[in-house]
Amino acid sequence: MDETAADSDTGDETDDSSTSMKGLKAAGSIWITGGSFSINSVDDAVHSNASITINGGTFEIATGDDGIHADETLTVTDGTIDISVSYEGLEALDVCIEGGDISLVADDDGLNAAGGTDSSGTSGGSSSSNGSISISGGNLHITASGDGIDANGSLTISGGTFIGTGGSGMAQSFSASEQGVVAVCAERAPLARSAIFRAADGEQRIRQSFNNNFRRR
Numbered sequence: 004m005d006e007t008a009a010d011s012d013t014g015d016e017t018d019d020s021s022t023s024m025k026g027l028k029a030a031g032s033i034w035i036t037g038g039s040f041s042i043n044s045v046d047d048a049v050h051s052n053a054s055i056t057i058n059g060g061t062f063e064i065a066t067g068d069d070g071i072h073a074d075e076t077l078t079v080t081d082g083t084i085d086i087s088v089s090y091e092g093l094e095a096l097d098v099c100i101e102g103g104d105i106s107l108v109a110d111d112d113g114l115n116a117a118g119g120t121d122s123s124g125t126s127g128g129s130s131s132s133n134g135s136i137s138i139s140g141g142n143l144h145i146t147a148s149g150d151g152i153d154a155n156g157s158l159t160i161s162g163g164t165f166i167g168t169g170g171s172g173m174a175q176s177f178s179a180s181e182q183g184v185v186a187v188c189a190e191r192a193p194l195a196r197s198a199i200f201r202a203a204d205g206e207q208r209i210r211q212s213f214n215n216n217f218r219r220r
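If you want the numbering used here, it's the 1-based position in the sequence shown plus 3.
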């Protein structure tokens, strides 16, 4: 783990003397501009009681809780983030994705805008604060058992590429968009377990596999 910048006053939102199961944590804000991180943690892999800004770096994360959690704002402008196991992938009151390559798997929500302290363990869509999610760049690929993306407040996209799969009963789309958005709902698993999007001339543009489990009816 290298090239990190964080407030020197590190700690947890609970008792500083207790043993922490988090990977990288700070009571203040965290800024990361580069480096390589491989984190396998029981609790949040990267956690801030304030805000987190990621301007670069490579992350390989497996966690029993949040991949990256900020109580206030989480901003990603660049870097590569691969979260192979998590309860929730990225969580903050306000989530701003401006760039980078993000791939994540979540047992609950992929992107979650929830206010205050770490709210993992609550059911999808139950956050009490009007958090916001904005996507203006980057490439996001999300596989979630709950919401692919969840915000009780605004949910906007103005750039970048977003592909997300989640539970059909918890589907949420963008409240505002400056580009085309396609939502597909499948009641049962297609034989090929994938969806193909073609241009008007028949050329294949996107092929998206379904890795989620389907309930038998």
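Even glycine gets a Cβ: it sits at the ideal position worked out from N, Cα and C.
The structure presented is a predicted model; accordingly, all values stated were derived computationally and were not measured.
With DSSP collapsed to three states, give me the class of residue i.
i	result
Ala-73	strand
Thr-22	coil
Leu-96	coil
Glu-63	strand
Thr-80	coil
Ser-157	coil
Asn-133	coil
Name the DSSP bridge partner or partners of residue i?
i	result
Ala-53	Answer by DSSP bridge pairing: none, since Ala-53 is not bridged.
Ser-197	Ser-212
Ser-39	Thr-61
Ala-147	Ala-109
Glu-91	Asp-69
Ala-29	Ser-51
Gly-162	Ser-139
Asp-104	Thr-83 and Asn-142
Ala-116	Ala-95 and Ala-154
Gly-167	Ile-145
Cα separation between residue i and residue j?
i	j	result
Ile-105	His-144	6 angstroms
Ala-9	Gly-31	Residue placement at Ala-9 cannot be trusted, given a pLDDT of 45 that sits under 50; what the coordinates show is reported in the next sentence. Using only the alpha carbons, I get a separation of about 7 angstroms.
Gly-38	Phe-62	9 angstroms
Glu-94	Ala-73	6 angstroms
Ser-212	Cys-99	26 angstroms
Arg-201	Ser-51	42 angstroms
Ala-198	Ile-136	26 angstroms
Ile-35	Asn-58	6 angstroms
Gly-134	Ala-53	15 angstroms
Asp-204	Arg-210	16 angstroms
Glu-82	Ala-29	The residue asked about is misnamed: residue 82 is Gly in this sequence, not Glu. Their backbone Cα atoms lie some 20 angstroms apart in a straight line.
Phe-165	Glu-206	20 angstroms
Arg-208	Ile-64	30 angstroms
Ser-123	Ser-44	Only weak support is given to the placement of Ser-123: the predicted model assigns it a pLDDT of 47, under 50, and the value that follows is read from those uncertain coordinates. So the alpha carbons of these two residues sit roughly 15 angstroms apart.
Return yes when the Cβ of residue j is within less than 9 angstroms of the Cβ of residue i, no when it is not.
i	j	result
Asn-115	Asp-153	yes
Gly-167	Asn-142	no
Gly-103	Thr-66	no
Ser-139	Ser-157	no
Ile-86	Gly-70	yes
Gly-60	Asp-46	no
Which residue's Cα is closest to the Cα of residue i: the options?
i	options	result
Leu-77	Gly-92, Ser-87 and Val-88	Gly-92
Gly-169	Trp-34, Ile-35, Asp-112 and Phe-62	Asp-112
Ser-23	Ser-89, Val-49, Asn-155 and Phe-165	Val-49
Gly-151	Ala-109, Thr-159 and Ser-137	Ala-109
Ser-41	Ala-29, Gly-205, Gly-149 and Ile-84	Ile-84
Gly-149	Ser-89, Lys-25 and Thr-159	Ser-89
Ala-147	Leu-107, Ser-44 and Gly-205	Leu-107
Thr-159	Asp-97, Arg-208, Ala-117 and Glu-206	Asp-97
Glu-75	Asn-43, Ala-117 and Arg-208	Ala-117
With a cut-off of 9 angstroms, does the C-beta of residue i fall near any C-beta of chain C?
i	result
Thr-61	The structure shown has no chain C; it contains just one protein chain.
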